[in-house]
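Protein chains: 2
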Amino acid sequence: MVDNVTPLDERLGYLLKTAYARLALRVDAALATLALTARQLALLSVIASDEALSQIEVSARLGVDRTSIVAMLDELERIGLVERRRDERDRRRNTLALTASGRVRVTAAEKARADVEADFLARLDEDSTRRLVAALQALAASSDRRDHARA
Amino acid sequence: MVDNVTPLDERLGYLLKTAYARLALRVDAALATLALTARQLALLSVIASDEALSQIEVSARLGVDRTSIVAMLDELERIGLVERRRDERDRRRNTLALTASGRVRVTAAEKARADVEADFLARLDEDSTRRLVAALQALAASSDRRDHARA
DNA sequence: TATTGTTATACTCTATAACTATA
DNA sequence: TATAGTTATAGAGTATAACAATA
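For the record, the sequence lines run as chains V and A.
With the first letter of the first sequence counted as 1, position 47 gets the number 47 in full-length UniProt numbering; the numbers rise by one all the way through.
With the first letter of the second sequence counted as 1, position 94 gets the number 94 in full-length UniProt numbering; the numbers rise by one all the way through.
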C-alpha cells in the first residue's frame, strides 16, 4: 500500500529498544534474588565508582533527573545500602556513600548483572561483541556533542 | 571502594538505553514537523505494511499492550490518518487501514525517520553499520525464543 | 542571586481487571 | 466458554515549578 516503509526489524530504533527491553527483563529477574532493580544497581554502582559524589553529580552521570534521585536514595537509605552525609565544605551538598552492607550487595549484584550480560551476548562471537560495544560507544559519544550543543 | 564494578559506558544495558534514548529524541524532533511522534509512526508503519491487521495483531507486532493501542488509534482516527473497519467475517475484530491522508503522512514521516537514522549512523562506516544491525537482530532473535519459552 | 536538595504535581507509558459484543 | 475491543485504574518513570537552606 505504502512503499518505502522499512520493516520494524530493520529499524535501528526498534532494534535498540527491543534489545534493551529484553536485556533489562533478564537483569531485573536476576537481581530480584538480591532485592534490587537494575535501576537501583545503576545508582549504587555510580556511588561505588566514586565516593563523595553529590546527588546532582550522580543524577548527571545516570541521566536521571535530580528530583527522581531523591526518592531512589530515600529507599536505598531505608534498606541500609546508602548513606547521605552533609558535605562540611559546602553544606548544600550531600555526599553519597555505600554502607558496608551496600558494598557487599553491589559486589554480588554486579556479578549477577555481568553474568546475565555475558549470557545475553552468547549468540555473538568475541569479535562481534567487541565491535557491537565499540559501535554503541561511538554513537553515544557523537550524540553527546550534539545534545550538549543543543541543550 | 568496591571492585569489579563495570563503568556505565562499558555496560551493554547502559549503552543500548542511551543510544536508543538519543536516537528517539532526534526522531521525535524530526517528526514534530509532521505532527507525529515516533510511537505513532511505528503504529502507522505496521498498519501500512499489512492492511487488514486487527488491533491485537498490531499490538503483538509492536510489543505494545492491546489496551494501549486503543487510545493511540482513537487519536490517529481523530486526526484522520487511520480508519477502524468492522471485519464482516468476524465482527469482534477491527480491520485497520490508513486513510489517503495517512498514506501521504507515513511516506513523508518514513523519509524523515530514515534520514535521522542515517545521520545518527554517520559516525560509523558501512561495514560497522551492517554488523551493528546484524548483531542487534541476532540478540533480538535469540531473546525471542527464551522469552516465549518463559512466557 | 545562584545552587542543592526537596516536595508537589502532572504527564506518559505500561499493566491488570472487568465490561460488551461477538464467536 | 473464549476472544476482540474497550474502559477504568494504578503503578512506574520523567519533567517542571516552587520552596528552604546555603553559598
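Cβ coordinates follow ideal geometry from the N, Cα and C atoms, glycine included.
request  = At 4 residues or longer, and completely inside the UniProt domain "HTH marR-type" (9-141) of chain A: list those alpha helix (DSSP H) runs for me, N to C.
outcome  = 12-32, 38-49, 55-62, 66-78 and 100-120
Pairwise C-alpha distance: residue 66(V) and residue 59(V) = Within the first sequence, numbered from 1, the residue matching residue 59(V) stands at position 59. Within the first sequence, numbered from 1, the residue matching residue 66(V) stands at position 66. Taking the straight line joining both Cα atoms gives about 5 Å.
key: Proximal residues, the region 102-119 of chain V versus chain A, C-beta separation under 8 Å   = Answer set for the region 102-119 of chain V: 103, 106, 107, 110, 111, 113, 114 and 117.
task = Ignore the nearest five residues each way along the sequence and tell me which others in residue 62(V)'s own chain have a CB closer than 7 Å to its CB.
result = Counted from its first residue, the first sequence places residue 62(V) at position 62. Counting only Cβ-Cβ distances below 7 Å, and skipping sequence neighbours, we find 42, 43 and 46.
ask   = By how many angstroms is the C-alpha of residue 52(V) removed from the C-alpha of residue 151(A)?
value = Counted from its first residue, the second sequence places residue 151(A) at position 151. Counted from its first residue, the first sequence places residue 52(V) at position 52. Because residue 151(A) sits at a pLDDT of 27, beneath the cut-off of 50, its placement in the model cannot be relied upon, and the point is left open.
ask   = Closest Cβ-Cβ distance between residue 64(V) and chain A: below 7 Å?
value = Residue 64(V) sits at position 64 when you count from the first residue of the first sequence. Chain A, which has no Cβ nearer than 7 Å to the Cβ of residue 64(V), makes this no.
Cα-Cα separation, residue 72(V) to residue 37(V) = Walking along the first sequence from the start, residue 72(V) turns up at place 72. Walking along the first sequence from the start, residue 37(V) turns up at place 37. When rounded, the distance between both Cα atoms is 11 Å.
query = Short check: CB of residue 13(A) to CB of residue 23(V), under 7 Å?
reply = By 1-based counting over the second sequence, the position of residue 13(A) is 13. By 1-based counting over the first sequence, the position of residue 23(V) is 23. In this structure, residue 23(V) lies closer than 7 Å to residue 13(A) by Cβ.
message = Distance check for residue 89(V) and residue 18(V), CA to CA, integer angstroms please.
response = Here residue 18(V) refers to the residue found at position 18 when the first sequence is read from its first residue. Here residue 89(V) refers to the residue found at position 89 when the first sequence is read from its first residue. The C-alpha of residue 18(V) lies about 45 Å from the C-alpha of residue 89(V).
ask   = Quick one: Cα of residue 76(V) to Cα of residue 82(V), how far?
value = Residue numbering aside, residue 76(V) sits at position 76 when the first sequence is read from its first letter. Residue numbering aside, residue 82(V) sits at position 82 when the first sequence is read from its first letter. One C-alpha to the other measures close to 6 Å.
ask   = Got a sec: is the Cβ-Cβ distance from residue 130(A) to anything in chain V below 7 Å?
value = Working through the second sequence from its first residue, we reach residue 130(A) at position 130. Taking Cβ atoms only, chain V never reaches closer than 7 Å to residue 130(A), which makes this a no.
message = Taking CB distances under 7 Å as the criterion, tell me whether residue 85(A) reaches chain V.
response = Here residue 85(A) corresponds to residue number 85 of the second sequence, with the count starting at 1. No, its Cβ sits nowhere closer than 7 Å to a Cβ of chain V.
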